[in-house]
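Reading through the structure tokens given below for one structure.
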Amino acid sequence: MSIILIMGIPAAGKSSLISELRQTRDCHIFSWDHLVGHKVQQFEAHKARKQFENQIRQFLETIESKPIVLIEDNFYLQSMRRPFERMARKYGLSYMVVHLSCALDEALTRNSRRDDLERVDKESIRKIYKEIEVPDDAYLFTTIEDLNKQIDQLNELSKTLVASRDVPSSQEGASPPSTLALFEKSVRQLIGDLVKEGYDGRRLSVAKKLVMEEVRKMSDQQALSVDFSRDLLFQYYWCVLVGRSLWTERVLQSFL
């Protein structure tokens, strides 16, 4: 029914999230670390990744029902995610990327507590943290409850995909994206940049939700701009950071 990629740097908490989802969801799980292992040599990585992809592809081709398929890996490059996005299109499944944001120091500390066989080289973690490419439309994980709501919405989308995949698509007469949709896209792009700069992805995700709730109440959405989105996002981010509800209509009006 859905393909969900769980991405993040090593020791970000991906395995723990998978365990939580397993308790609440009927899902099939594929983990790079479990199927391939942490210690695959660099010269074998490409071959191992192809085998990993083929195993998932064979599963999708043979299973009669369409469950939620959770695929866990660092997925720090776009090229690593692209084959699974293609699979989703081929088999008429909905597709989502979940990003677990984690500070580098925290990941290194968690990694140091792992058993020798599970521990990842420190330089590899630093490299992945520096080079990670978070997609603009990735869901930034906050809580398991909120993620389950996102998955429910994804399942509803998959039903629409199945119903419409045989209908020819056409760009003619397509409506241009709304101002609100363009604004939300700019906010997602901004969050991706801020996560790379070291800001807390979970708090940014909460701030984004609050921003969009506030913006939807605005009567003049044509006035939305990139600068406005950045200012508004930062205001909410710091409110979330200190754990206080500081936002008032007076502060909002200062940006309008």
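If you're matching positions, the sequence shown starts at 296 in my numbering and goes up one per residue.
Note that beta-carbon positions come from the ideal geometry of N, C-alpha and C, so glycine has one too.
Pair within 7 angstroms by beta-carbon distance, residue i and residue j
i, j, result
"residue 372", "residue 428", "yes"
"residue 322", "residue 388", "no"
"residue 304", "residue 402", "yes"
"residue 394", "residue 302", "yes"
"residue 500", "residue 399", "no"
Separation of residue j from residue i, as counted between CA atoms
i, j, result
"residue 363", "residue 415", "28 angstroms"
"residue 440", "residue 425", "30 angstroms"
"residue 531", "residue 487", "16 angstroms"
"residue 447", "residue 410", "36 angstroms"
"residue 316", "residue 511", "31 angstroms"
"residue 492", "residue 498", "14 angstroms"
"residue 509", "residue 313", "32 angstroms"
"residue 412", "residue 330", "14 angstroms"
"residue 351", "residue 534", "42 angstroms"
"residue 356", "residue 349", "10 angstroms"
"residue 319", "residue 308", "17 angstroms"
"residue 458", "residue 404", "Residue placement at residue 458 is flagged as unreliable, the pLDDT there being 47, under the threshold of 50; a coordinate-derived value is accordingly withheld."
"residue 408", "residue 445", "32 angstroms"
"residue 358", "residue 443", "23 angstroms"
"residue 342", "residue 476", "40 angstroms"
Pick from the options that is closest to residue i, judged by C-alpha positions
i, options, result
"residue 344", "357, 377 and 321", "377"
"residue 490", "397, 393 and 405", "397"
"residue 347", "317, 483 and 375", "375"
"residue 513", "478, 495 and 497", "478"
"residue 360", "340, 386, 509 and 502", "386"
"residue 481", "494, 496, 493 and 503", "503"
"residue 495", "437, 324 and 358", "437"
"residue 354", "339, 324, 341 and 340", "324"
Same chain only: Cβ atoms within 8 angstroms of residue i, ignoring 5 sequence neighbours per side
i, result
"residue 310", "326, 328 and 367"
"residue 422", "none"
"residue 392", "299, 300, 302, 370, 376, 430, 432, 433 and 434"
Nonlocal neighbours in the same chain, by C-beta distance under 6 angstroms from residue i, ignoring five residues either side
i, result
"residue 390", "298, 380 and 383"
7 angstroms CB neighbourhood of residue i in its chain, flanking five on each side removed
i, result
"residue 406", "305, 306, 414, 415 and 420"
"residue 449", "297, 389 and 391"
"residue 505", "531"
"residue 483", "431 and 432"
"residue 340", "none"
Write down every uninterrupted run of the beta strand (DSSP E) in the region 297-324 whose length is 3 residues or greater and which is fully enclosed by it, in chain order. 297-302
Ignoring anything shorter than 4 residues, give me the alpha helix (DSSP H) runs that lie fully in the region 371-449, in order along the chain. 373-385, 399-407 and 417-426
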